[in-house]
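K.L.:
The sequence shown begins at 1 in full-length UniProt numbering and counts up by one.
Note that beta-carbon positions come from the ideal geometry of N, C-alpha and C, so glycine has one too.
I am attaching a structure below and will ask some questions about it afterwards.
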Amino acid sequence: MTRLSTHIEGFSPTGDTLVLASVGSPAEQELLRDWLAQQRRERPEARVEVLHLPDSDEPPPTVLAQLVEKLSADPDRSVVPVRVFWVPGGLPTRSKVVALISGRDTYRPPELLQRRILRKDASRARVVAGEPAKVSELRQQWNDTTTAENPREFARFVLRRAILAIERVELRLLGPEYKSPRLVKPEMLASARFREGLDKIPGATVEKAGEMLDELSTGWSRFSVDLIPTLGRAIFSRGFDPNIDYDRDEIETMRRALEIHPAVLLFSHRSYLDGVIVPVAMQENRLPPVHTFAGINLSFGVMGPLMRHSGVIFLRRKLDDPLYKYVLRQYVGYIVEKRFNLNWSIEGTRSRTGKMLPPKLGLLSYVADAYLDGRSEDILLQPVSISFDQLHETQEYAAYARGGEKTPEGLSWLYNFVKAQGERNYGKIYVRFPEAVSMRQYLGEPGGPMNGRGERSDGMNGRGERSDGMNGTPDAKRLAMQKMAFEVAWRIQQVTPVNATGLVSALLLTTRGVALTLGQLHRTFGDSLDYLERKGIPMTNSALRLRTVDGVRAAVDALSGGHPVTRIDGGREPVWRIAPENEHEAAFYRNTLIASFLETSIIELALAHAARAESDHLEVFWAQTARLRDLLKFEFYFADSATFRDNLTKEMSWTQDWEEQIASGREGIEALLRAKRPLLGSAMLRPFVEAYEIVADVLRDAPADISEKELTKLALGVGRQQVAQGRVRSNESVSALLFATARQVVADQNLLGRAPDLSQRRADFLQELRDILTDMDTVEAGSRAQFVEREKAARHAAEA
Numbered sequence: 001m002t003r004l005s006t007h008i009e010g011f012s013p014t015g016d017t018l019v020l021a022s023v024g025s026p027a028e029q030e031l032l033r034d035w036l037a038q039q040r041r042e043r044p045e046a047r048v049e050v051l052h053l054p055d056s057d058e059p060p061p062t063v064l065a066q067l068v069e070k071l072s073a074d075p076d077r078s079v080v081p082v083r084v085f086w087v088p089g090g091l092p093t094r095s096k097v098v099a100l101i102s103g104r105d106t107y108r109p110p111e112l113l114q115r116r117i118l119r120k121d122a123s124r125a126r127v128v129a130g131e132p133a134k135v136s137e138l139r140q141q142w143n144d145t146t147t148a149e150n151p152r153e154f155a156r157f158v159l160r161r162a163i164l165a166i167e168r169v170e171l172r173l174l175g176p177e178y179k180s181p182r183l184v185k186p187e188m189l190a191s192a193r194f195r196e197g198l199d200k201i202p203g204a205t206v207e208k209a210g211e212m213l214d215e216l217s218t219g220w221s222r223f224s225v226d227l228i229p230t231l232g233r234a235i236f237s238r239g240f241d242p243n244i245d246y247d248r249d250e251i252e253t254m255r256r257a258l259e260i261h262p263a264v265l266l267f268s269h270r271s272y273l274d275g276v277i278v279p280v281a282m283q284e285n286r287l288p289p290v291h292t293f294a295g296i297n298l299s300f301g302v303m304g305p306l307m308r309h310s311g312v313i314f315l316r317r318k319l320d321d322p323l324y325k326y327v328l329r330q331y332v333g334y335i336v337e338k339r340f341n342l343n344w345s346i347e348g349t350r351s352r353t354g355k356m357l358p359p360k361l362g363l364l365s366y367v368a369d370a371y372l373d374g375r376s377e378d379i380l381l382q383p384v385s386i387s388f389d390q391l392h393e394t395q396e397y398a399a400y401a402r403g404g405e406k407t408p409e410g411l412s413w414l415y416n417f418v419k420a421q422g423e424r425n426y427g428k429i430y431v432r433f434p435e436a437v438s439m440r441q442y443l444g445e446p447g448g449p450m451n452g453r454g455e456r457s458d459g460m461n462g463r464g465e466r467s468d469g470m471n472g473t474p475d476a477k478r479l480a481m482q483k484m485a486f487e488v489a490w491r492i493q494q495v496t497p498v499n500a501t502g503l504v505s506a507l508l509l510t511t512r513g514v515a516l517t518l519g520q521l522h523r524t525f526g527d528s529l530d531y532l533e534r535k536g537i538p539m540t541n542s543a544l545r546l547r548t549v550d551g552v553r554a555a556v557d558a559l560s561g562g563h564p565v566t567r568i569d570g571g572r573e574p575v576w577r578i579a580p581e582n583e584h585e586a587a588f589y590r591n592t593l594i595a596s597f598l599e600t601s602i603i604e605l606a607l608a609h610a611a612r613a614e615s616d617h618l619e620v621f622w623a624q625t626a627r628l629r630d631l632l633k634f635e636f637y638f639a640d641s642a643t644f645r646d647n648l649t650k651e652m653s654w655t656q657d658w659e660e661q662i663a664s665g666r667e668g669i670e671a672l673l674r675a676k677r678p679l680l681g682s683a684m685l686r687p688f689v690e691a692y693e694i695v696a697d698v699l700r701d702a703p704a705d706i707s708e709k710e711l712t713k714l715a716l717g718v719g720r721q722q723v724a725q726g727r728v729r730s731n732e733s734v735s736a737l738l739f740a741t742a743r744q745v746v747a748d749q750n751l752l753g754r755a756p757d758l759s760q761r762r763a764d765f766l767q768e769l770r771d772i773l774t775d776m777d778t779v780e781a782g783s784r785a786q787f788v789e790r791e792k793a794a795r796h797a798a799e800a
């Protein structure tokens with residue numbers, strides 16, 4: 001496709017050339033005159049005509065009429081856009097902020113300062129030009145892409161091409177981190193593709209569509225590329241180490257990929273800071289900026305224009321208007337076609353439990369449509385893992401778990417959020433960019449039958465093998481999208497490093513409020529660290545330092561003061577515990593690392609279950625692993641069935657002849673459990689099963705069609721009672737957040753619809769959960785025995 005492409009700083013005019021000069025101030029006009037004189041001296045045979053354009057995207061009628069006349073003179077005439085580029089120098093900060101909110105170009109100094117700047121440093125300004133294109137080539141491109149016939153519309157088209165060509169020149173001078181879409185609204189409204197679809201929507205008009213584009217359109221002003229990451233860093237560095245922890249090899253791999261294809265960055269979401277951190281990560285690594293989708297509820301006060309000029313695309317909460325859905329779909333397609341990058345949370349909202357939530361497919365379907373329409377050869381889904389040593393938002397999440405309500409966003413909310421960042425040291429932020437997922441690999445060729453990956457679509461299955469032969473039906477498309485989204489989430493999970501906060505929280509939660517000494521903590525971490533290293537699971541430096549006593553002390557002291565650890569002094573030595581009121585916060589941190597121990601925890605529970613069987617112990621073992629996977633599929637991402645079983649087989653390779661030992665019966669299985677290090681099945685999974693058990697208990701005498709709200713209310717009451725009676729181990733199991741997933745589980749077990757045998761099936765399910773909790777008691781008893789054994793060995797060593 002012919003277009004006004006870029007050429008830095010100069011061109012060599014030959015024949016008949018029309019220069020479209022966007023210069024406004026006297027200083028810029030003088031620079032243009034000098035530049036034109038130089039061009040004419042170097043090419044005296046060339047005929048160069050200049051049309052001065054105003055500094056705006058929409059020229060006045062008189063200028064437009066002149067351009068129409070000049071474009072009709074000769075189809076072989078070359079057209080070249082020219083502008084004065086000001087090398088970024090430095091404006092007063094206050095002026096920059098005002099300009100950012102208003103959307104003005106802050107990289108162009110005010111006219112009053114331009115001559116003074118040039119006297120001090122003439123290199124601060126240079127004339128740049130786009131590569132010429134013939135009028136005939138531009139007219140052909142216009143005919144191919146638009147439905148307009150009016151010569152004035154052709155002139156507007158040429159002006160848009162000229163502006164975009166100069167933008168590309170300046171992008172080369174500034175760097176990829178300043179890339180931003182321009183002229184989205186006029187380009188889309190003039191598009192033949194857009195008009196054709198618009199005509200099919202009842203009651204749709206170009207004017208209404210234009211209003212919606214105004215609502216959606218965003219763009220990084222050049223100064224916002226500098227300011228927004230600076231503001232973001234200022235916010236999070238109040239409480240975090242200002243130096244984000246990256247994997248440099250991952251960044252270079254992503255840089256090369258973004259040079260070839262557009263990408264959607266899909267990040268894990270634990271904090272409102274995530275939306276701040278991604279622009280910082282892109283800017284400080286000199287990567288193209290991302291355009292982030294956000295709810296229209298965040299467009300309040302000065303935040304609206306500020307965020308809009310920093311790449312935020314505000315979306316309506318309800319997408320029930322056919323015209324709005326069409327405009328949004330075409331807008332996403334335009335962004336992708338022009339190779340700009342999009343960005344949002346793969347989970348759709350913040351995880352308030354600490355673990356990954358199921359992926360959302362809404363916006364992803366619009367990107368898939370753009371790809372299948374042939375608007376890009378491929379689109380990359382770039383996973384982004386964002387994790388924190390600590391978060392002040394865990395207090396809010398704990399309140400949600402107890403049944404609290406979400407605080408609405410507003411200026412006071414923003415003030416309190418930023419203020420909370422400075423209350424104490426929250427540690428480090430970790431950002432990882434694992435290998436991108438190719439849309440082509442999952443959806444096949446654009447416009448053709450789709451290929452998919454994966455074995456199944458139920459639950460939260462995030463890994464699968466290729467399965468060809470999918471057709472282009474809506475169901476096939478959705479299935480392929482599910483596979484893509486699950487793969488993104490899986491890759492995020494695989495690279496998220498385990499940190500000391502998660503390990504400390506996991507350990508102290510198992511003691512049920514009993515405090516441990518520094519030595520006891522240090523000795524207990526060894527088995528888990530050995531396991532993580534053996535599996536090659538990434539860990540932060542804070543986790544690696546748990547090998548040392550000093551590292552353990554630093555970790556528990558960082559969490560002390562109820563964040564969520566309590567330190568007790570005054571005795572022979574300090575001890576640390578998690579108080580009941582802090583269990584929900586600690587559970588958030590513990591949940592961030594469960595995925596690393598998930599499969600080994602299921603093995604332990606299945607072993608304990610098989611030990612209770614009368615016969616066929618090995619068969620019972622494998623059946624129980626599959627059953628636990630099915631029960632927990634709404635909580636965690638699992639490999640497909642075959643890969644899951646292969647993974648468990650590899651997990652069991654820590655001992656020889658394990659299958660024979662299981663098949664031999666109770667004694668062999670108990671020997672396996674005694675030898676296994678670590679034993680974490682109860683520590684990691686008990687709260688989830690206890691939450692399910694509470695909900696199942698409520699269902700014993702609940703109506704068949706009990707509402708979600710009523711079920712949660714009753715479960716909170718019954719759960720608090722059972723904690724008080726000691727029937728439930730900890731407060732963290734009594735959680736509205738866990739009960740929401742428990743309702744999905746009981747619905748999946750067909751326990752919420754009317755049926756003749758409903759009462760019996762509910763009772764059977766309750767008993768099954770109680771049997772799993774009995775298996776957890778067995779594993780927990782084994783873990784306590786190992787702890788006692790370690791402490792006895794430590795005392796003997798000290799006495800020796």
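Looking only at C-alpha atoms, which of A579, L544 and R545 sits nearest to G561?
P.N.:
As a first step, residue 561 is located in the sequence shown; it is residue number 561 there, counting from the start. Ranking A579, L544 and R545 by Cα distance to G561 puts A579 first.
K.L.:
Work out the CA separation of P60 and M460 for me, nearest whole Å.
P.N.:
Your numbering for residue 460 matches position 460 in the sequence shown. Your numbering for residue 60 matches position 60 in the sequence shown. Because M460 sits at a pLDDT of 40, beneath the cut-off of 50, its placement in the model cannot be relied upon, and the following sentence gives the value as read from the coordinates. For M460 and P60, the distance between alpha carbons rounds to 57 Å.
K.L.:
Three-state secondary structure (DSSP) at H392?
P.N.:
The residue you call residue 392 lines up with position 392 of the sequence shown. In the structure shown, H392 sits in coil (DSSP, three-state: anything other than H, G, I, E or B).
K.L.:
In chain order, what residues of the same chain lie with their CB nearer than 8 Å to the CB of Q390, ignoring the 5 residues before and after it?
P.N.:
The residue you call residue 390 lines up with position 390 of the sequence shown. Cβ neighbours of Q390 beyond the five flanking positions: Y426, G427, T501, A558, L559, H563 and Y589.
K.L.:
When DSSP labels each residue in this structure, what does V135 get in the three-state scheme?
P.N.:
Working through the sequence shown from its first residue, we reach residue 135 at position 135. Of the three classes helix, strand and coil, the one that applies to V135 here is helix, per DSSP.
K.L.:
Does the beta-carbon distance from P288 to I228 come in below 9 Å?
P.N.:
Along the sequence shown, one-based indexing puts residue 288 at 288. Along the sequence shown, one-based indexing puts residue 228 at 228. Their beta carbons are not under 9 Å apart, which means P288 does not touch I228 by this criterion.
K.L.:
Shortest alpha-carbon distance to R743 belongs to which of G719, P703 and A696?
P.N.:
As a first step, residue 743 must be located in the sequence shown, where it is residue number 743. Of the candidates G719, P703 and A696, the one whose C-alpha sits nearest the C-alpha of R743 is A696.
K.L.:
Where does Y430 sit, in a helix, a strand or coil, going by DSSP?
P.N.:
Against the sequence shown, residue 430 aligns to sequence position 430. In the structure shown, Y430 sits in a strand (DSSP, three-state: E or B).
K.L.:
Which runs of the beta strand (DSSP E) spanning at least 3 residues fall entirely within the region 609-660, listed in chain order?
P.N.:
none
K.L.:
Tell me the start and end of each unbroken beta strand (DSSP E) in the region 534-616 that is at least 3 residues and wholly inside, in chain order.
P.N.:
566-568 and 575-577
K.L.:
For P446 and L372, which I take to be in contact (beta-carbon distance under 8 Å), what is that distance rounded to the nearest angstrom?
P.N.:
As a first step, residue 446 is located in the sequence shown; it is residue number 446 there, counting from the start. As a first step, residue 372 is located in the sequence shown; it is residue number 372 there, counting from the start. At roughly 6 Å, the Cβ-Cβ gap stays under 8 Å, so P446 and L372 are in contact.
K.L.:
Can you find the residues in the same chain that come closer than 6 Å, C-beta to C-beta, to I386, ignoring five residues on each side of it along the sequence?
P.N.:
Mapped onto the sequence shown, residue 386 falls at position 386. Same-chain partners within the cutoff: F267, S268, D274, I277 and V431.
K.L.:
Out of A398, R83, S733 and E396, point me to the one whose CA is closest to Q29's CA.
P.N.:
The sequence position of residue 29 within the sequence shown is 29, counting from 1. Comparing Cα positions, the closest option is R83.
K.L.:
For R316, which residues of its own chain have a beta-carbon under 6 Å away from its beta-carbon, when the five flanking residues on both sides are left out?
P.N.:
Residue mapping note: residue 316 aligns to position 316 of the sequence shown, counting from 1. Around R316: I296.
K.L.:
Does DSSP put L36 in a helix, a strand or coil?
P.N.:
Residue numbering aside, residue 36 sits at position 36 when the sequence shown is read from its first letter. If DSSP states are grouped into helix, strand and coil, L36 belongs with the helices.
K.L.:
Please work out which residues of its chain come closer than 8 Å, Cβ to Cβ, to K792, disregarding the five sequence neighbours upstream and downstream, and give them in chain order.
P.N.:
For the purposes of this step, residue 792 is taken as residue 792 along the sequence shown, with counting starting at 1. Around K792: no qualifying Cβ.
K.L.:
Got a sec, what are the start and stop residues for the beta strand (DSSP E) S78 sits in?
P.N.:
By 1-based counting over the sequence shown, the position of residue 78 is 78. Note, S78: beta strand (DSSP E), S78 to W86.
K.L.:
Excluding five sequence neighbours on each side, which residues of the same chain lie with their C-beta closer than 7 Å to the C-beta of R152?
P.N.:
The sequence position of residue 152 within the sequence shown is 152, counting from 1. Here the set comprises L64 and V68.
K.L.:
Across which residues does DSSP place V158 in a beta bridge pair?
P.N.:
Indexing the sequence shown from 1 puts residue 158 at position 158. Note: V158 sits in no beta bridge, so no partner.
K.L.:
From the DSSP output, in three-state form, read off G275 for me.
P.N.:
Position 275 of the sequence shown, counted from the first residue, corresponds to residue 275. DSSP places G275 in helix when its eight states are reduced to three.
K.L.:
Comparing C-alpha positions only, which one of R645, V418 and T146 sits nearest to I233?
P.N.:
Residue 233 sits at position 233 when you count from the first residue of the sequence shown. Note that residue 233 is Arg in the sequence shown, not Ile. With distances taken between Cα atoms, R233 lies closest to V418.
K.L.:
The alpha helix (DSSP H) spanning R126 covers which residue range?
P.N.:
By one-based count along the sequence shown, residue 126 stands at place 126. It is not in any alpha helix (DSSP H) - R126 instead sits in the beta strand (DSSP E) that spans A125 to G130.
K.L.:
Please state the DSSP three-state secondary structure of L71.
P.N.:
Mapped onto the sequence shown, residue 71 falls at position 71. Of the three classes helix, strand and coil, the one that applies to L71 here is helix, per DSSP.
K.L.:
Which runs of the alpha helix (DSSP H), 4 residues or longer, sit entirely within the region 373-425?
P.N.:
394-401 and 411-421
K.L.:
With 9 Å set as the bound, which would you pick, yes or no: does the beta-carbon of Y589 sit closer than that to a beta-carbon of chain B?
P.N.:
Included in the structure is just one protein chain, with no chain B present.
K.L.:
Which residue comes first and which comes last in the alpha helix (DSSP H) that contains A500?
P.N.:
Stepping through the sequence shown from its first residue, residue 500 is reached at position 500. From DSSP, the alpha helix (DSSP H) with A500 extends over A500 to T510.
K.L.:
Taking S217 as the reference, give the member of S412, R193 and L183 with the closest Cα.
P.N.:
For the purposes of this step, residue 217 is identified with residue 217 of the sequence shown, where counting begins at 1. Comparing Cα positions, the closest option is L183.
K.L.:
Terminal residues of the continuous beta strand (DSSP E) containing E347?
P.N.:
Working through the sequence shown from its first residue, we reach residue 347 at position 347. No beta strand (DSSP E) contains E347, which DSSP labels as neither H nor E.
K.L.:
Compute the beta-carbon to beta-carbon distance between Y400 and R352, rounded to the nearest angstrom, for a pair I have assumed lies under 8 Å.
P.N.:
Here residue 400 refers to the residue found at position 400 when the sequence shown is read from its first residue. Here residue 352 refers to the residue found at position 352 when the sequence shown is read from its first residue. Right, the Cβ-Cβ distance comes to about 5 Å (below 8 Å), so this counts as a contact.
K.L.:
Let me check understanding here. Comparing Cα to Cα, which of T230, F433 and G362 lies closest to D249?
P.N.:
As a working mapping, residue 249 is identified with position 249 in the sequence shown. When each option's Cα is compared against that of D249, the closest is F433.
K.L.:
Measure the beta-carbon distance from A436 to A606 and round it to whole angstroms, keeping in mind my assumption that it falls under 8 Å.
P.N.:
Taking the first residue of the sequence shown as position 1, residue 436 is located at position 436. Taking the first residue of the sequence shown as position 1, residue 606 is located at position 606. Contact doesn't hold; Cβ gap of about 35 Å is too wide.
K.L.:
Give the straight-line distance between the Cα atoms of R41 and L414, rounded to the nearest whole angstrom.
P.N.:
What you label residue 41 is simply residue 41 of the sequence shown in a count that begins at 1. What you label residue 414 is simply residue 414 of the sequence shown in a count that begins at 1. If you take the alpha carbons of R41 and L414, they lie about 59 Å apart.
K.L.:
Report the option in S542, V504 and G536 whose CA atom is closest to the CA atom of T524.
P.N.:
Reading the sequence shown from its first residue, position 524 is the one you call residue 524. Of the listed residues, the one whose Cα sits closest to T524 is V504.
K.L.:
Tell me the rounded alpha-carbon separation between R729 and T655.
P.N.:
In the sequence shown, residue 729 corresponds to position 729, counting from 1. In the sequence shown, residue 655 corresponds to position 655, counting from 1. Whole-angstrom Cα-Cα distance: 32 Å.
K.L.:
Which of the three DSSP states is assigned to V19 in this structure?
P.N.:
Position 19 of the sequence shown, counting from 1, holds the residue named residue 19. Strand.
K.L.:
Determine the DSSP secondary structure at L363, reduced to helix, strand or coil.
P.N.:
Here residue 363 is taken as the residue at index 363 of the sequence shown, counted from 1. Reduced to three states, the DSSP call for L363 is helix.
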